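Below: one structure, written as structure tokens.
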Amino acid sequence: MNGWILAATVALGTGLGTALWGVATGPLRRRVVAQNMSTALACPALLLLSQGYARPSYVDLALVLALLGPVGTLVFARLLADDLADDPPRAWGVTWVVAGFGAVVVGAVCAATGPSPEMVKLLVIGALLIGGNVLASRALSGGFPGAGRG
Amino acid sequence: MGVLPYLVAAWIFLAGCYGLATSRNLIHAVGCLAVCQSATYVLLLAVGYRDHATAPVFSDVQPGSRPVVDPVVQALTLTDVVVGATVTALLLALVVQVSKRHGTVDPDALSELRG
Amino acid sequence: MSRRARLWLVAVGGGALAALLVAACLDLPAFGGTRHPYGDRAVRESLARHTANTIASINFDQRAFDTLGEISILFAAVLGCVVLLRQTRDEHRARPEPEPVALPVRRYALAVLPVALLTGLYVIAHGQLSPGGGFQGGVVAATSLHLLYLGADYRALERIRPVGLYEVGDALAVSAYLVTGIAGLIGGTAFLANTLLPYGTFNTLSSGGTVPLLNAAVGMEVACAVVVLLARFLDQAVEIEEGK
Amino acid sequence: MADAVIVVVLLLVGATATTAVAVRDPERQALVLSVLGVVLAVLFTVLQAPDVGLSQLAVGSALTPLLLLLTVRKVRRRAQDKGRQE
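Here it is as structure tokens:
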């Protein structure tokens, strides 16, 4: 076991553990935020694992998750808009903390990779991950203002 | 370690079965079936795992340089994940039909309707 | 059966099943063992046919017949959904009103859609090299189209998604898979045997003989199937209403 | 020690699956199932099956929740229509 995998283990154990707790209990607004956090945390963890196993091809998983994770959250934001409209989630603190974690991980993995085509891919993943995550939080807190009609 | 992954797979399967049997909503029951399906994935991949091995995908490693895990079970699981999702969709379509015909998705209420 | 009786039945049956499962688990070869005879042979065979991704080689070459079974299940499931979710006589269509979407969400959806579509195609195209393939890439590509529903509105999705075309595409892809199989038969070997095309250079896009062809056919089938499925569900959830 | 990550993720999968069964409301269950999809994908990655992980991500993160929620919406809309007619 190397440092990358250790970091991934800690991130998964604490981060996803907390996300699971959040998604299992509490009001709906907390659950959707926890769901969004779970994808936003798993994506950096996949990058760490890819680096830890020395397999650049595993990065594709992180790419797909960075793309589809926010799409999944948009699904909930759109179809649960009626329920969320009365009691919108406000969780910008958590969002920025998780986004910062993603940025740190992407930076570290980029530094370990060095300038190469792979690094460009990593930067794209980083941009998609952070942009998608922040946008998904925005969509949850009133992204569909006409809720209740469609 | 030894048998932990197998026991986790058995646990997931039994939990899913319990949910199926006690469900009060057919949509929830379909979700429980998806949980049961995931137990089979965990079991198959656990059977194929080899310690300190890597994936048998040779686009970025030299063949023979590292031990690899069993690809056969992975191929089985891979197709089933996607096909399982469409079967879930079929079951959900059935639930929509049931709700149209009987106006409820509670299995207990359904059996009262019939009997 | 009353609820209580059923719970008892589940408890007894589940208990027995749990005991059997645990007994079976204790007898399985220990997790992480080194003996994988099938796996070793599959890897050797895949390398002999210049396919870098062994899993793609198993799915589309060594066990291609099994995959034919899988895509038939997929096809049948989609067919079942189309039949079950059709519009019945006592229902009518109501045009859904366009739903207002916050500007950043709309911009994000429209910007990410092409990226996701491209990623889906990339995952399909690299199936025989790196992790990925028709099954995964097809789902990614089909899901990405529905960003239009999520981020813009339902009518925009309808404009770029003539469902009939995708139904034809689904059937065509299954036929393409069959035709590739029969071509092997005509070529003098066996159904779906990977002997027609040269194996090519290891670890390039055109390596693996018929593997890329079958992979592309499956990718197209899965993508069309998911689009058709979601179209039916969206129809039911958004458009179709009860009564005349 | 090298297996610590596998043990951690396995326990997460077990816990998430149990939660997915225990949460009875279909909408909230869809949220847990989406988390289960992601956790399973991570498990498949640490079991060195990236192909399967990719498959699970593609299906579990967006497709299954979308199907479940559309069904919930349809069933609920029917119930509302009925209520209005009566």
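Protein chains in written order, with our numbering: chain Y, 1 to 150; chain E, 1001 to 1115; chain W, 2001 to 2244; chain V, 3001 to 3086.
Virtual Cβ for every residue (Gly too), placed ideally from N, Cα, C.
Treat the numbers as computed from the prediction; the structure is a model and nothing was measured.
Check                                                                                                                                                                  : Outcome
Quick one: what does DSSP say Glu2097/W is sitting in, helix, strand or coil?                                                                                          : coil
Name the chain E residues that come within less than 8 Å of Pro2096/W, Cβ to Cβ?                                                                                       : The contacting residues do not exist; Pro2096/W stays about 18 Å from chain E at best.
So what does DSSP say about Asn1025/E, is it helix, strand or coil?                                                                                                    : coil
Locate the alpha helix (DSSP H) running through Ile5/Y, then write down its first and last residues.                                                                   : 3-10
Could you tell me the alpha carbon to alpha carbon distance between Pro2114/W and Ala2024/W, rounded to whole angstroms?                                               : 48 Å
With a cut-off of 8 Å, do at least 3 Cβ pairs link the region 2105-2121 of chain W to the region 32-48 of chain Y?                                                     : no
For Gly2138/W, I'd like the list of residues in its chain whose CB is within less than 6 Å of its CB, leaving aside the five on either flank, ordered along the chain. : Gly2219, Val2222, Ala2223
Kindly say whether Gly3035/V, judged by its beta-carbon, lies nearer than 8 Å to any beta-carbon of chain E.                                                           : Note on residue identity: the sequence assigns Val, not Gly, to residue 3035/V. No, Val3035/V lies away from the interface with chain E (no Cβ there is under 8 Å from its Cβ).
Taking only the alpha-carbon atoms, compute the straight-line gap between Arg149/Y and Tyr53/Y and give it to the nearest angstrom.                                    : Model confidence at Arg149/Y stands at a pLDDT of 44, short of 50, so the residue's coordinates are unreliable; what they give is reported in the following sentence. Their backbone Cα atoms lie some 49 Å apart in a straight line.
Would you list, in chain order, the members of the region 1051-1063 of chain E that have their beta-carbon closer than 9 Å to a beta-carbon of chain Y?                : Thr1054, Ala1055, Val1057, Ser1059, Asp1060, Val1061
DSSP state of Asp2153/W, grouped into three classes?                                                                                                                   : coil
In three-state DSSP terms, what is Ile125/Y?                                                                                                                           : helix
Is the beta carbon of Gly2039/W sitting closer than 8 Å to the one on Val1072/E?                                                                                       : yes
Would you kindly report the start and end of the unbroken alpha helix (DSSP H) that includes Glu3027/V?                                                                : 3026-3046
Considering only the alpha carbon of each residue, which of Val1081/E, Thr1077/E, Gln1097/E, Val1083/E lies closest to Ala2237/W?                                      : Gln1097/E
Tell me which residues of the region 2161-2194 of chain W have at least one Cβ-Cβ distance to chain E shorter than 7 Å, keeping chain order.                           : none
From Tyr2122/W to Phe2060/W, what distance separates their C-alpha atoms?                                                                                              : 18 Å
Going by Cα to Cα distance, which pick from Trp4/Y, Gly72/Y, Val104/Y, Arg90/Y is closest to Thr2143/W?                                                                : Gly72/Y
Could you tell me the alpha carbon to alpha carbon distance between Val1082/E and Val3059/V, rounded to whole angstroms?                                               : 7 Å
Check this for me: beta carbons of Val1069/E and Tyr1049/E, under 8 Å apart or not?                                                                                    : yes
Measuring alpha carbon to alpha carbon, tell me which residue in Val2043/W, Arg2049/W, Ser2057/W is nearest Leu1078/E.                                                 : Ser2057/W
Please decide whether Val1096/E counts as near chain W, where near means a Cβ-Cβ distance under 8 Å.                                                                   : yes
Just reading off the alpha helix (DSSP H) that Glu2045/W is part of, what are its end residues?                                                                        : 2037-2048
Does the distance from the C-beta atom of Asn2203/W to that of Val1057/E stay below 8 Å?                                                                               : no
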